Amino acid sequence: MKNIETKWLQDFLILAELQNFSHAATVRNVTQPAFSRRIKLLEAELGLVLIDRSKSPIELTLCGKQFKTTAQSIIHQIDEEVSRLAGCSFLGRHTVRLSTAHSISISLLPKLHSSLFNPKLNTNLSVVANEVDDAVELLIDGKCDFLFSFYEDRLQVAPYRSIYLGRSFLYCVSAVDESGNTLYDLENNDDVPCLDYTPESYMGRALHRANSKLTSNTVCSSSMTDFIKALVLQGKGISWLPDYAIKEELASGQLKILTEREPVPLDLYVYRYYSKLHSSCEAMWNELSQVSPIKELSA
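Counting from 1, one number per residue, gives the positions in the sequence shown under full-length UniProt numbering.
Here you go:
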């Protein structure tokens, strides 16, 4: 068994947050040499390099990012057990940190309510919604327990684990005129104005992988699905939009699918590190693993 002191874990977590040895030492109320020595003792005991000292500000190594999750779990469990023994924490709830892409937070998370809001888990959810790439970075940096997002090559292998949640589709859509006919006709017009996703955005990359180009007449590009949707509804052009974002507009007839273009699939997953999490997180993961894939996210 490793001979690791709790204060070393606390030192490491503060350093991971502040990214500066001097500032972290001040917070921990020790001299910088003593603080640095404790971090080195932790690394030596683990047999791992946790800190990339060549960067300024310093950064965690991949091992450091993984161990950060473990260290947080250990500290939380110790604190909760001490409180329980003191008779003041049976009703205390562990906070589970979720990171999610803006575009799927409203459509996906409510469908998983039985797993995420199970009273038996006695948890408090902290949900942060971001652009897809920002949401992914929170997991990579060890700043969340679970990530709900689209398929990511780099998260499908160690040190990450994943559960497949379901499939969505990007559909090519157009607004309609007063008679309910589409404003644009791809079959007879190759120069239809289109609203593209920026190449660096997740949707842009997904469309590029699928080789799904609309037309060469791009009038606007954005990474924001809601912005593109608003422009399509105003009749500014056609675009790809995810099914879950246009459910109401399709039902009301404000938008119509242009069948000249095949829909592009988007697979959805929940990701985590392999590192052991707090028992509440592990229980939630087990609940999620029992969920059958959601066949229609727009339903």
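Note that beta-carbon positions come from the ideal geometry of N, C-alpha and C, so glycine has one too.
What you are looking at is a predicted structure, and each value in this text was computed from that prediction instead of being measured.
- The beta carbon of Ser115 sits closer than 7 angstroms to those of Met284, Glu287, Leu288 and Val291, all from its chain and outside the five residues before and after it, given in chain order.
- In this structure, Leu42 keeps its C-beta atom at 8 angstroms or more from the C-beta atom of Cys63.
- Secondary structure at Cys281: helix, using DSSP grouped into helix, strand and coil.
- In this structure the region 64 to 72 does not touch the region 21 to 29; the number of beta carbon pairs closer than 8 angstroms is below three.
- The beta carbons of Cys144 and Leu109 sit no closer together than 8 angstroms.
- Assignment of Glu152 by DSSP, reduced to helix, strand and coil, places it in the coil class.
- Assignment of Ser174 by DSSP, reduced to helix, strand and coil, places it in the strand class.
- With respect to Val176, Leu183 sits close: the two C-beta atoms are nearer than 8 angstroms.
- Asn217 is positioned such that its CB atom lies closer than 8 angstroms to that of Pro193.
- Counting along the chain, no alpha helix (DSSP H) covers Leu255; the unbroken beta strand (DSSP E) around it starts and ends at Leu255 to Ile257.
- By the Cβ rule, the region 116 to 136 does not count as touching the region 240 to 247, because fewer than three pairs are nearer than 8 angstroms.
- Judged by DSSP in its simplified three-state form, Ser252 adopts helix.
- Spatial neighbours of His94 in its own chain (CB-CB distance under 6 angstroms, excluding positions within 5 residues in sequence) are listed in chain order as Thr123, His278 and Ser280.
- Closest in C-alpha terms to Gln254, from the list Ala34, Leu46, Ser54 and Gly180, comes Gly180.
- Under the three-state reduction of DSSP output, Asn286 falls in the helix class.
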